[in-house]
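**Q** Would you mind keeping the following structure in view while I ask a few things?
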Amino acid sequence: VQCIDELCVTAKSLITTIPFNVYNILVDSAVLLLNQVGECYMLHDRDNGKNLSAALQALTECFGGTETPQGDLTPLPIPTLTWLRRPLSAPFIDNVFIMILSVYAED
58 VQCIDELCVT AKSLITTIPF NVYNILVDSA VLLLNQVGEC YMLHDRDNGK
108 NLSAALQALT ECFGGTETPQ GDLTPLPIPT LTWLRRPLSA PFIDNVFIMI
158 LSVYAED
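Offset between the sequence shown (1-based) and our numbering: plus 57.
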């Protein structure tokens, strides 16, 4: 994907700012967008890691858990939760577990 930076910026801004509990018609589109970012993350080894940083930053922000100025943590956004519950996310989740296992295998 040549426009990974734009894709990641779009994903971060949409998923972290839209009140999906009000605009639930946008959830499926946001899920597909997040899935594209996840695929870019999984394919980073094919482009010598160029897309890894942008994809990781976008995924981190799209998963919530960011501390607000008031000290609260942002919740898991509805599109992210929806994506994780669907089979569409299975390759991404499998990849994460493989990476975790490879780190432990090196120790």
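C-beta: ideal position from N, C-alpha, C; glycine also. Predicted, not measured: the structure shown is a model, and the values here were computed from it.
Under 8 angstroms, do Cys65 and Ala115 count as touching if we go by C-beta distance?
**A** Translated into positions along the sequence shown, residue 65 becomes position 8. Translated into positions along the sequence shown, residue 115 becomes position 58. It is a contact, given that the beta carbons lie within the stated cut-off.
**Q** Can you give me the Cβ contacts of Asn108 inside the same chain, cut-off strictly under 8 angstroms, excluding the 5 residues immediately before and after it?
**A** As a working mapping, residue 108 is identified with position 51 in the sequence shown. Excluding five sequence positions before and after Asn108, the CB atoms of its chain that fall closer than 8 angstroms to its own CB belong to Val58, Ile61, Cys97, Tyr98, Leu100, His101, given in chain order.
**Q** Express the C-alpha separation of Ser110 and Thr125 in angstroms, rounding to a whole number.
**A** The residue labelled residue 125 in the question sits at position 68 within the sequence shown. The residue labelled residue 110 in the question sits at position 53 within the sequence shown. Rounded to whole angstroms, Thr125 to Ser110 spans 23 angstroms at the Cα level.
**Q** Run the CB neighbour count on Gly95, radius 10 Å, all protein chains shown included, and call it buried at 16 or more, exposed below.
**A** To locate residue 95, count along the sequence shown from 1; it is residue 38. Buried: at least 16 other Cβ atoms inside 10 Å.
**Q** Following the continuous alpha helix (DSSP H) through Gln114, name the residue where it begins and the one where it ends.
**A** One-based indexing of the sequence shown puts residue 114 at position 57. That run of the alpha helix (DSSP H) goes 109–119.
**Q** Determine the burial state of Ile72: buried for a count of at least 16 other Cβ atoms within 10 Å of its Cβ, exposed for fewer.
**A** Walking along the sequence shown from the start, residue 72 turns up at place 15. Answer is buried; the Cβ neighbour count reaches 16.
**Q** Identify which residue in Ile155, Leu130, Thr137 has its Cα closest to the Cα of Leu90.
**A** On the sequence shown, position 33 is the one that residue 90 refers to. Of Ile155, Leu130, Thr137, the residue nearest in Cα terms is Thr137.
**Q** Can you give me the C-alpha to C-alpha distance between Ala162 and Asn81, rounded to a whole angstrom?
**A** As a first step, residue 162 must be located in the sequence shown, where it is residue number 105. As a first step, residue 81 must be located in the sequence shown, where it is residue number 24. Looking at the two C-alpha atoms, the distance is approximately 42 angstroms.
**Q** Pick helix, strand or coil for Leu130, following the three-state DSSP scheme.
**A** Along the sequence shown, read from residue 1 onward, the residue named residue 130 stands at position 73. Of the three classes helix, strand and coil, the one that applies to Leu130 here is strand, per DSSP.
**Q** Comparing alpha-carbon positions, which option in Phe149, Ile135, Ile150 lies nearest Leu83?
**A** For the purposes of this step, residue 83 is identified with residue 26 of the sequence shown, where counting begins at 1. For Leu83, the nearest C-alpha among the options comes from Ile135.
**Q** Does the distance from the C-beta atom of Gly122 to that of Leu130 stay below 8 angstroms?
**A** Locating residue 122 in the sequence shown gives position 65, counting from the first residue. Locating residue 130 in the sequence shown gives position 73, counting from the first residue. The answer is yes: Cβ separation under 8 angstroms.
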